[in-house]
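Only one structure is covered here, and it is reproduced in the block below.
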Amino acid sequence: MLNLLDKCWKYRLQVVCHLCDHVSNVPELNENQVAVCRVCGGHVVEGAKHDDEKVIAFATTASILLLCSLLFELISFSRQGLVQSMGLMDVSLVMVKHQYEPLGALMAATITMLPASLLLFAFFLHTPLRKLLPTSLQIFMTKAIFFCKDWSMPEIFLVAVLVSLVKITSLADIGMGLSFWAYIGFVVFFLLTMLNIHRQNLWDSISHHSKYPQYPTRGRAIDSDVGGCHTCDLITKESECPRCHSAVHTRNPQSVQKTLAWLATAFMLYIPANIAPILITVFLNSPEPSTIIGGVAVLIEHGSYPIAIVIFVASVMLPLAKMAAFALFCWVVTKQKNICRLSFTQIYMIAEFLGKWSMIDVYVVAVLAALVQLSGMMEIVPGVGAVYFSLMVIASMIAAHSFDPKLLWDLEQKYADKE
Ligand SMILES: [Zn+2]
Ligand SMILES: [Zn+2]
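Under this note's numbering, the first residue of the sequence shown is numbered 1, with each subsequent residue one higher.
Written as structure tokens, this is what we have:
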């Protein structure tokens, strides 16, 4: 009996919940099992999948489809005998052409370069070639996968392409090229690759968690003076993670101050992003600037209600709601308010997940500007509002990353101490 207990103890996995800081002692899980935090219900770890072949197959297919989507025509646009077509890279090049080079770089990074890097690293780390790589390179690649995952937006770009097509379908004849179908396939296989990447497996294949000391702890990690590494999930007393060498904090230092600073930046950018024109339609040499709200009004006039709702919610409501939610979190934490922590944590998770979908309108502008270039007749030019808007989305994403949701659960401790 004792041996059995000893074995269970030895091979269990200790994980600190990144939402509420409670330590879970998880026994070995089967493939389809998921361990959830008993306090906040957040997922702490999934059962190990032995899906190396799947990841290799999905990543290879996605890479080939991405390459195909770069080589051919994405969409063609014809009006009164004039034909214009665009490729995938034209969404970046059109920004460079109009002197918005950083925006062009952001487009290229989020829709092709970061997803391509993720696929490359995932491929290498799931093949036996991995063993030939130095540990430091394996650590770098694993960290890079999760960074690229947060900043890759091919699925948002795909929805933006579809929205753009609906927007201009009444103006001209639209044709979908080979790249369009290849990009759809790429997004599907890219998402399948991400779904099959198992964080715990990747880190355990670099250095197994059982090699590191275990701590007989229950309750909050901070009370036992241990912390969970945000990068590889290892539980440790050190200030530098012994496995991935990232800094380990029990709480994100100056989380509220950093979040508020980024929120203020995002809000200051939100105002010009909505006042300045996001795109300029040049029809027979007469420019007509259009703001985000102006664009929504035009869509309603043309009866495109679903697209008007998508753009209005993603570009106007979502950024404001997200900023309001994080400002509320900071206020609650600073003023030590007694709140329903579970609901607040769920709002935090939704706000963090949905944040990057605000980029949809910037992609729509880039697609329209790359596609509609019938000089002398009709041209769409990106406006400076698109730059403010992208910076606003980036600032609000950094604000969300800066906020430590464990602070919401520290309030529980404060009220428990008072009782
Ligand atoms: Zn939790
Ligand atoms: Zn670590």
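C-beta: ideal position from N, C-alpha, C; glycine also.
In this chain, the beta strand (DSSP E) harbouring Pro289 covers 286-290. The nearest non-hydrogen atom of ligand 2 is 7 Å or more from the C-beta of Cys17. Between Ile292 and Ile278, the C-beta gap is smaller than 8 Å, which places the two residues in contact. Residue nearest to Glu101 within the set Phe147, Leu320, Ala386 is Ala386 (criterion: CA-CA distance). At least one heavy atom of ligand 1 falls within 7 Å of the beta-carbon of Val39. Assignment of beta-bridge partners to Ala48 by DSSP yields no partner.
These are the residues, in chain order, with a beta carbon less than 6 Å from any non-hydrogen atom of ligand 2: Cys229, Thr231, Cys232, Leu234, Cys241, Arg243, Cys244, Ser246. Within 10 angstroms of the beta-carbon of Gln254 lie fewer than 16 other beta-carbons, which makes it exposed.
Look at Glu379 here: in three-state DSSP terms it is strand. Taking a 10 Å sphere around the C-beta of Ala351, we find 16 or more other C-beta atoms and assign the residue as buried. In the three-state reduction of the DSSP assignment, Gln138 falls in the helix class. The closest CA to that of Ile197, considering only Ser207, Leu119, Cys244, is found on Leu119.
With at least 16 other beta carbons inside 10 angstroms of its own, Phe344 counts as buried. When the five nearest sequence neighbours on each side are left out, the beta carbons in the same chain lying within less than 8 Å of the beta carbon of Leu70 are those of Gly87, Leu88, Met89, Thr112, Ser179, in order along the chain. Only exposed fits Val83, as fewer than 16 other CB atoms lie within 10 angstroms of its CB. In the DSSP assignment, His22 is bridged to Arg220. Remark: the shortest separation between the CB of Cys20 and any heavy atom of ligand 1 falls under 7 Å. For Glu240, the beta-bridge partners assigned by DSSP are Ala247.
Rounded to the nearest angstrom, the gap between the Cα atoms of Pro287 and Ala369 is 14 Å.
With respect to the 8 Å criterion, Ser152 and Leu114 are classified as neighbours on the basis of their beta carbons. Of Leu65, His98, Val55, the smallest CA-CA separation from Arg199 is found for Val55.
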